[in-house]
Every structure is written in structure tokens, then in C-alpha cells.
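In this note's numbering, the protein residues as written are 1 to 235. Yeah, the Cβ is synthetic: ideal placement off N, Cα and C, and Gly gets one too. Given the structure is predicted, the values throughout are model-derived calculations rather than measurements.
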């Protein structure tokens with residue numbers, strides 16, 4: 001575990017490289033570990049993910065080398081006593097209200113870590129059909145996750161690259177995008193409507209509730225993701 005590193009970025013450049021290779025024994029171990037994880041939490045989904053292989057900087061431009069992977073391979077690195085290399089890429093939308101509070105979600109029961117305070121966001125998937133991975137593609141993921149988790153719908157064009165997160169509890173790499181501020185009531189109404197729609201369709205909601213945190217107050221007693229205190233200070 002290492003301290004979170006947040007760096008302002010004007011641009012992110014991606015370079016795709018060959019995927020990591022595993023032996024037959026390792027693949028069997030990965031399958032067994034995934035089966036155990038699925039038994040513990042049936043909501044887990046073994047989807048495609050972007051695995052970050054290295055991060056370097058040229059002034060304020062972030063260079064990310066990546067390869068395609070799966071969530072099962074990613075979780076495998078958490079086997080007790082093991083320290084296998086795998087960092088995932090995630091995208092988050094940073095939305096502050098018109099009265100200066102930061103929008104966060106409280107993760108619901110059934111998520112990998114229920115009751116945790118975090119930004120809206122999620123893991124980035126490799127683009128389909130040979131489409132290159134770009135900052136604009138990641139921005140699409142950020143605003144899509146915002147809509148899926150809170151009901152707030154914004155255009156990708158409104159999302160502006162802000163920070164790159166490195167290190168922290170799991171070493172994962174995150175791209176944070178600032179989006180336009182909205183009224184607290186407007187956000188809460190969108191979330192209430194969204195939750196009702198999901199409930200009517202018997203679909204799962206990742207956020208149990210929303211939290212509006214004062215900036216730069218990072219003293220919320222609830223559990224939060226590793227980057228949150230530093231991000232609040234930056235805001």
C-alpha cells in the first residue's frame with residue numbers, strides 16, 4: 001500500500017501492448033478464485049477491463065501503456081500472500097453542486113464494498129471494434145457511469161479531464177473529469193426518479209443513497225475510497 005498520488009493533467013495518451021500471459025496452472029487458479037468470489041457475491045461480473053501496465057509523464061501529459069484483461073484476472077491479484085501485477089483503469093465524474101458540495105454515492109449492499117463513499121464512476125472497458133482508447137472514450141465512460149448510478153445525464157462534451165490518480169490502496173489508475181455544477185435538488189430528484197425506475201424493472205442500484213460533502217471537509221466518519229480525502233483538498 002502506498003499514498004495516493006493525484007496529478008493535474010492536460011492530456012492522456014494511451015498505448016496498447018500485448019496482454020499478460022498466464023500458465024495453464026495460473027489459469028486454473030484464476031478460475032478457482034473467481035468461482036469462490038462469485039459464490040461470495042453472485043452480483044460480480046467477469047467483464048473486460050483495461051489493465052494499466054505503466055504510467056509515465058511528459059510534463060502535464062500522462063502516458064498510459066495498457067492491455068486488455070478480465071475482471072477475474074484482476075481479482076486474482078488479491079489472493080492472500082500474493083503480489084501479482086494488475087492495475088485497473090477507472091473513470092469518475094467530479095460533480096460539485098451550485099452551493100459548493102461534492103456529489104458522492106454510498107455503495108449499496110451487494111457491491112464489493114458496501115457502505116463506501118465514492119465518486120460516481122467505474123472500470124473502463126477496452127473499446128470495441130478496434131476503436132482506439134482515448135481520453136474522450138474514457139470521458140464517455142465517466143458520464144455513462146454518472147447516469148447509470150445517479151440518474152444525472154450529461155454530454156461527454158461537458159466532461160473536462162482534471163486529475164490522474166495513481167497508487168493508493170490497490171494501485172489502480174483513475175481519470176477524474178470535472179462536469180458542470182448542478183443544484184442539489186435537481187441531482188436528488190434525478191436520483192430518486194432513477195431508483196424508482198430501477199426498482200420497477202427489478203434491477204440493481206449500485207448506490208444506496210447520495211451524499212453531499214462540504215469542500216474541503218474530509219472528516220466524514222464513514223468509510224471512503226483511498227483517493228477521496230486528497231481529492232477533497234484539491235477541490
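Just how far apart, CA to CA, sit residue i and residue j?
i	j	result
residue 89	residue 23	24 Å
residue 124	residue 214	28 Å
residue 167	residue 15	20 Å
residue 33	residue 128	27 Å
residue 163	residue 139	12 Å
residue 47	residue 70	6 Å
residue 198	residue 58	44 Å
residue 234	residue 224	16 Å
residue 49	residue 68	6 Å
residue 19	residue 126	12 Å
residue 156	residue 193	22 Å
residue 28	residue 181	48 Å
residue 45	residue 60	35 Å
residue 25	residue 113	29 Å
residue 21	residue 130	21 Å
residue 196	residue 175	30 Å
Using the three-state DSSP reduction, which class does residue i fall into: helix, strand or coil?
i	result
residue 167	strand
residue 192	helix
residue 156	helix
residue 109	coil
residue 8	strand
residue 3	strand
residue 184	helix
residue 236	Since the first residue shown for the chain is 1 and the last is 235, residue 236 is missing from the structure and cannot be characterised.
residue 229	helix
residue 150	helix
residue 131	coil
What does DSSP give as the partner residues of residue i in its beta bridges?
i	result
residue 34	For residue 34, which the question treats as bridged, DSSP gives no partner whatsoever.
residue 93	120, 177
residue 58	61
residue 15	65
residue 211	104
How many whole angstroms separate the CB atoms of residue i and residue j, which I take to be in contact at a CB cut-off of 8 Å?
i	j	result
residue 9	residue 210	With 8 Å as the limit, residue 9 and residue 210 do not qualify as a contact, their Cβ atoms being about 27 Å apart.
residue 54	residue 65	5 Å
residue 187	residue 97	7 Å
residue 289	residue 103	Because the chain spans 1 through 235 in this model, residue 289 falls outside it and cannot be assessed.
residue 73	residue 17	Between residue 17 and residue 73 the Cβ distance is about 15 Å, and since that is not below 8 Å, they are no contact.
residue 91	residue 179	Not a contact, Cβ separation roughly 12 Å.
residue 121	residue 145	5 Å
residue 35	residue 75	The Cβ separation is near 11 Å, so there is no contact.
residue 143	residue 159	5 Å
Give every residue of the same chain whose Cβ lies closer than 8 Å to the Cβ of residue i, excluding the five residues on either side of it in the sequence, and list them in chain order.
i	result
residue 110	41, 43, 204
residue 184	97, 98, 99, 101, 212
residue 150	103, 105, 120, 187, 190, 191, 194, 207, 210
residue 201	none
Starting from the C-beta of residue i, find all residues in its chain whose C-beta is less than 7 Å away, skip the five residues before and the five after it, and write them out in chain order.
i	result
residue 4	165, 167, 168, 226, 227, 230
residue 147	153
Can you list, in chain order, the residues of its chain whose CB lies under 6 Å from that of residue i, leaving out five sequence neighbours each side?
i	result
residue 87	52, 171, 172, 173
residue 2	167
residue 135	12, 161
residue 7	164
residue 95	103, 179
residue 62	9, 12, 164
residue 133	14, 127
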